[in-house]
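Under the working numbering, the final residue of the sequence shown carries the number 454; numbering is consecutive throughout. Right, one structure below, let's go through it.
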Amino acid sequence: MTETTFFPNLQADHLQKIDDKTSWMVLSKSLQSILCKSREDLLSNLENLRLRERDIKASDLFQKWGVFMSTSTERRQIVLDASYSGPGGEVSQHILKTDTLLVLEGLIVSAYILNAPFGYIYVPASEKALIQHLEGIVETLYAEGVIHRKKTQDKWSFDLNIHYGEAGFVGVGDRCVLRSMDTTSKEHALYGGVDCVIQAETAAILPQALKMGPEKFSKTGTHDSVGHKVLSFNGHVNRVGFVEVSFGVLL
204 MTETTFFPNL QADHLQKIDD KTSWMVLSKS LQSILCKSRE DLLSNLENLR LRERDIKASD
264 LFQKWGVFMS TSTERRQIVL DASYSGPGGE VSQHILKTDT LLVLEGLIVS AYILNAPFGY
324 IYVPASEKAL IQHLEGIVET LYAEGVIHRK KTQDKWSFDL NIHYGEAGFV GVGDRCVLRS
384 MDTTSKEHAL YGGVDCVIQA ETAAILPQAL KMGPEKFSKT GTHDSVGHKV LSFNGHVNRV
444 GFVEVSFGVL L
């Protein structure tokens, strides 16, 4: 286990239990410490963080989002990919189950930075317990005033929904997830708008990295691959399960 831990509940074998108001107060306070900053400042911090997307392409998150930000502002939307599509799908599912609030905090922060008022959590329809878990949490996010569906003078709106999808696809990448949601969509044109996909693992790391700042965050991982990665081990190994490691560590 590494000294810095981004996934405190990684070794849990159950859905994250959230049954008191303290959890929502902590989440709300954590979000406020980030969302009080301008999108420009957060994007600048993101560029300096050099955080990479935890998917098969491992693209620089700032560069990936730069393409999105250059598009039309009409119906911007973000999709959290919690399918089993591609390498790391099992990891994303596990993180979403055990560190749910961290992932959702990252999704909300991402939506704010991208100025995307519409969000979707793509979950396999077969994951009934996870769907029920997420539905209850999203409902509470609105009830506790952590996020708001209607935009007011001092409140940013975020319409977050859960999409019941497929477990996996014949292919990998963002496009597979988006086409599964909307078969009529063209390249990055989900439901007639513009879209951006983020992985659960990336979402969980993002707000923590922003709070750490580039200097401290850069001390984790390597120069070209900053931060940590969660790996899944199965088969004939000494330790079966999920392990958080720093990029560059020898296994």
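Quick reminder that beta carbons are idealized off the backbone N, C-alpha and C, glycines included. This one's a predicted model, so the numbers in the text were calculated from it and none came from an experiment.
Counting along the chain, where does the beta strand (DSSP E) carrying residue i start and finish?
i    : result
K353 : Taken as a continuous stretch (DSSP letters only), K353 belongs to no beta strand (DSSP E), as it is neither H nor E.
I324 : 321-327
N364 : 362-368
K432 : 431-436
DSSP on residue i, reduced to helix/strand/coil?
i    : result
D377 : helix
L283 : strand
F209 : coil
E330 : coil
G339 : helix
D216 : coil
H297 : helix
E447 : strand
R253 : coil
D157 : Past the edges of the chain, shown from 204 to 454, lies residue 157, and the structure says nothing about it.
G396 : coil
G424 : strand
Can you tell me whether residue i is buried or exposed? The criterion is at least 16 other CB atoms within 10 Å of its CB, across all chains shown.
i    : result
P211 : exposed
A224 : Per the sequence shown, residue 224 should be read as Lys rather than Ala. Under this definition K224 is an exposed residue.
T405 : buried
D377 : buried
T425 : exposed
K422 : exposed
N248 : buried
A346 : exposed
F361 : buried
K354 : exposed
Among the candidates the options, whose CA atom is the shortest distance from the CA of residue i?
i    : options                : result
L381 : A215, D222, S286       : S286
H351 : H366, P320, L230       : P320
Y221 : D284, V452, R255, E342 : In the sequence on display, residue 221 carries Ile and not Tyr. When only C-alpha atoms are compared, the closest one is E342.
L238 : R278, K422, K414, G395 : K414
I324 : N251, H366, S421       : H366
V306 : H439, G339, A407, N437 : A407
S329 : Y315, E369, E308       : E369
E243 : L230, K267, M272, V229 : M272
C455 : S236, S233, Q280, D284 : In the structure displayed, the chain extends from 204 to 454; residue 455 sits before or after that span and is not available.
V294 : W268, H439, V433, R442 : V433
E277 : G395, I401, E447       : G395
V326 : L234, N437, G292       : G292
K240 : W359, R253, I281       : W359
Suppose the cutoff is 7 angstroms on Cβ atoms and the five residues either side in sequence are ignored; what does the same chain contact list for residue i look like?
i    : result
A215 : T301
H297 : F445
A261 : R255
K419 : none
S226 : L304
E308 : L230, S233, L234, P410
N437 : V443
Enumerate in chain order the residues of its own chain whose CB-to-CB distance from residue i is below 8 angstroms, with the five nearest sequence positions on each side excluded.
i    : result
L218 : K300, T301, T303, A332, L333, H336
L393 : Q280, V282, L381, M384, D385
Please list the terminal residues of the continuous alpha helix (DSSP H) segment that includes residue i.
i    : result
L414 : Correcting the residue type first, residue 414 is Lys in the shown sequence and not Leu. Unbroken alpha helix (DSSP H) run through K414: 403-415.
S236 : 224-238
Y315 : 303-317
V270 : 264-272
Which same chain residues end up closer than 6 angstroms to residue i when comparing Cβ atoms and leaving out the 5 residues on each side of it in sequence?
i    : result
S428 : F450
F209 : I408, Q411, H431
R257 : Q402, E404, T405
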